[in-house]
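Remarks on the structure that follows.
Numbering (the working numbering), first residue to last: 74 to 191.
Next comes the structure, spelled out in C-alpha cells:
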C-alpha cells in the first residue's frame, strides 16, 4: 500500500534479520531486507523492505551495507558477552620454551616451487 505521507525509514543495522540482493529479468536490481521491528516503531512482524536506486548502481552500496552491518553485529555481540575473545597464544613446548609466531609469511624460492609440465 503506497502512501504520499511516507518520507523516510530508519532501521538499526542490528534489526536487519536478513538481506537478499534481487536481480529481476526485466527491471532494476534491488535489495530486499527482512526487518525486526522496534517497539513503537510503526512496523509489524514480518516486515520486508525493498531498496531501489533510480540514479546509481546497487553493488557498491550493498557491499558497504553488508560490511557495516557485520561490524555492528560483531560490536553488539561483544557488548552482550562483555569482552571480545582472547587472542590465541601457542602452548609452551615440552622443554618449557615458548614458540614464537610471526605474521610475515616467507615467500618460497624458485627452487622450492614445484615444476609442472603440460
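Cβ coordinates follow ideal geometry from the N, Cα and C atoms, glycine included.
* Of the residues 82, 87, 83, 163, which one's Cα is nearest the Cα of residue 152? -> Sequence index remark: in the chain shown, residue 152 carries index 79 (1-based). The residue with the shortest Cα to Cα distance from residue 152 is 87.
* **Start and end residues, beta strand (DSSP E) containing residue 91** => Against the chain shown, residue 91 aligns to sequence position 18. Counting along the chain, the beta strand (DSSP E) containing residue 91 begins and ends at 89-95.
* Asked: Considering only the beta carbon of each residue, do residue 105 and residue 120 sit closer than 8 Å?
  -> Residue mapping note: residue 105 aligns to position 32 of the chain shown, counting from 1. Residue mapping note: residue 120 aligns to position 47 of the chain shown, counting from 1. No. Outside cutoff.
* Asked: Buried or exposed: residue 108, going by 16 or more other Cβ atoms within 10 Å of its Cβ?
  -> As a first step, residue 108 is located in the chain shown; it is residue number 35 there, counting from the start. The residue is buried, with at least 16 neighbouring Cβ atoms inside 10 Å.
* Excluding the 5 residues preceding and the 5 following residue 90 in the sequence, name in chain order all residues of the same chain whose CB lies nearer than 7 Å to its CB. => Position 17 of the chain shown holds residue 90. Closer than 7 Å at the Cβ level, and outside the excluded window around residue 90, lie 107, 108, 109.
* To do: Specify the secondary structure class of residue 135 as computed by DSSP and reduced to three states.
  => Working through the chain shown from its first residue, we reach residue 135 at position 62. Here residue 135 carries a helix assignment [DSSP, helix/strand/coil].
* **Of the residues 163, 93, 80, the one placed nearest residue 139, counting alpha carbons only** => As a position in the chain shown, residue 139 is number 66, starting the count at 1. Residue 93 holds the alpha-carbon nearest to the alpha-carbon of residue 139 among 163, 93, 80.
* Asked: Under a three-way DSSP split, which group does residue 86 fall into?
  -> For the purposes of this step, residue 86 is taken as residue 13 along the chain shown, with counting starting at 1. Reduced to three states, the DSSP call for residue 86 is helix.
* CA nearest to the CA of residue 100, picked from 125, 135, 161, 80 -> To locate residue 100, count along the chain shown from 1; it is residue 27. For residue 100, the nearest C-alpha among the options comes from 125.
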